[in-house]
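Structure record follows, encoded as C-alpha cells.
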Amino acid sequence: MSPVLAIEGLGKGFTLHLQGGLSFPVLRGETLALMPGECVALAGPSGAGKSTLLRCVAGNYGASEGRILIRHRGAMHDLAAADARLMREIRAETLGHVSQFLRVIPRVPALDIVAAPLLARGAGRAEARARAAALLARLNLPERLHHLPPTTFSGGEQQRVNLARGFIAPNTVLLLDEPTASLDARNREVVVALIAEAKRAGTAILGIFHDTEVRDRVADRLHAVEPLEPAA
Ligand SMILES: Nc1ncnc2c1ncn2[C@@H]1O[C@H](COP(=O)(O)OP(=O)(O)OP(=O)(O)O)[C@@H](O)[C@H]1O
Ligand SMILES: [Mg+2]
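If you read the sequence shown in the numbering used here, its first letter stands for residue 1243, the second for the next number, and so on.
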C-alpha cells in the first residue's frame, strides 16, 4: 500500500510586516506519510506549529519549502504547488478539513452548510439534505436549528455543524483541528465513532487532539512537532 498523504521536508516561516519585515521559521523539514485508514495525531507544546502544519496541508497557508503530496483521482499531486483550480477540485473531492471554528456564511442554514460537500460530489438536493439532517440528528443538534444560519449558535453547536460538514461525504484525507474542544461527553462519543467509521472506510486522518483520552482512542500513532529555536 502506498501513502495517500506524504509531507516531505515541509518548511514554513512567517514574515512580520509590522516589525520591519522580520521573518521567523515555525516548521522545518517536517516529513510524514499517511496510509489509507490511518489516523496520525500531531503532538507538541503550544506554539510548536501544529495548527500551522494543518493549515499548510489545507491550503490556508502557503508552504515556504517542501512538498505536500496527496492522492487525488489516482495520482499524486503537490498541494504546495497546486493552482487555485486544482485546489478547489481537491477540496471538493478528496480533502476534507474540519477547522477549529466554523466559518459562518451569513444567511445559509445549517442544513445547507452540511449538505454542500455531497452536492459537490454530485448528489441530488433532496438526498443531500436528508443525509445532512440525519447526521445533524446523530450529533444531537435540535431539529429547530437545522433551518437557521449558525451565526447565533453556541460554540458546541457550531462545532457540530462543522463536524457534520467534514464527515458527510467520503474523503481520501481528512484534517481535524481540535474536533472535540467544545463538545460534551455524549457528543464526544459520537465524534469518536465517526472517526472510527471514516478510518474503516479508508480515510486517512491527520488531527490535533488536546483531549488526550480521545487522542489515545482514535490515533494509531503520534507525530511530534518540535518548537524551533529562534535564530540568534
Ligand atoms: N499567520 C501567522 N502570522 C504570524 N505568526 C503566526 C501565524 N500563524 C501562526 N503563527 C505563529 O506560529 C507559531 C505556531 O503557531 P501554531 O498556531 O501553529 O501553534 P500550535 O502548535 O497549533 O499551538 P497550540 O497548541 O497553542 O494551538 C506561533 O508562534 C504563532 O504565533
Ligand atoms: Mg493550534
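From the three backbone atoms N, C-alpha and C, an ideal C-beta is built for every residue, glycine too.
Quick check on DSSP: helix, strand or coil for S1396?
coil
Buried or exposed for T1261, please, with buried defined as at least 16 other CB atoms from any protein chain shown within 10 angstroms of its CB.
The sequence given here places Gln at residue 1261; Thr does not occur at that position. Answer is exposed; the Cβ neighbour count stays below 16.
Comparing the CB of S1227 with every heavy atom of ligand 2, is any distance shorter than 7 Å?
Only positions 1243 to 1474 of the chain appear in the structure, and residue 1227 is not among them; the question remains open.
CB contact flag (G1253, L1269, <8 Å)
yes
If you drop the 5 nearest sequence neighbours on each side, which residues of the same chain put their C-beta closer than 6 Å to that of I1450?
L1284, K1292, D1419 and E1420
Tell me whether T1454 is buried or exposed, calling it buried when 16 or more other Cβ atoms sit within 10 Å of its Cβ.
exposed
Across which residues does DSSP place H1319 in a beta bridge pair?
I1312
Quick one: residues with CB closer than 7 Å to any heavy atom of ligand 2, in chain order, please.
K1292, S1293, D1419 and I1450
Helix, strand or coil: how does DSSP classify H1339 here?
strand
Per DSSP, what are the beta-bridge partners of V1282 in this structure?
L1448 and R1463
DSSP three-state assignment for E1250, whether helix, strand or coil:
strand
Beta carbon of L1295, beta carbon of E1272: below 8 Å?
yes
I'd like to know if the stretch 1349-1359 and the stretch 1431-1442 are in contact, where contact means that at least 3 CB-CB pairs between them fall below 8 Å.
no
Within 10 angstroms of the Cβ of P1359, are there 16 or more other Cβ atoms? Answer buried if so, exposed if not.
buried
Close-in-space but distant-in-sequence residues of the same chain around T1257 (CB under 8 Å, 5 per side omitted):
G1263, L1264 and S1265
Using a Cβ-Cβ cut-off of 6 Å (strictly less than) and excluding sequence neighbours within five positions of L1377, which residues of its own chain qualify?
A1406 and I1410
With distances taken from CA atoms, which of L1328, V1346, A1324 and R1333 is nearest V1415?
R1333
Identify which residue in I1310, A1374, R1402 and R1315 has its Cα closest to the Cα of A1324.
I1310
Look at M1329 and G1301 and say whether their C-beta atoms are less than 8 Å apart.
yes
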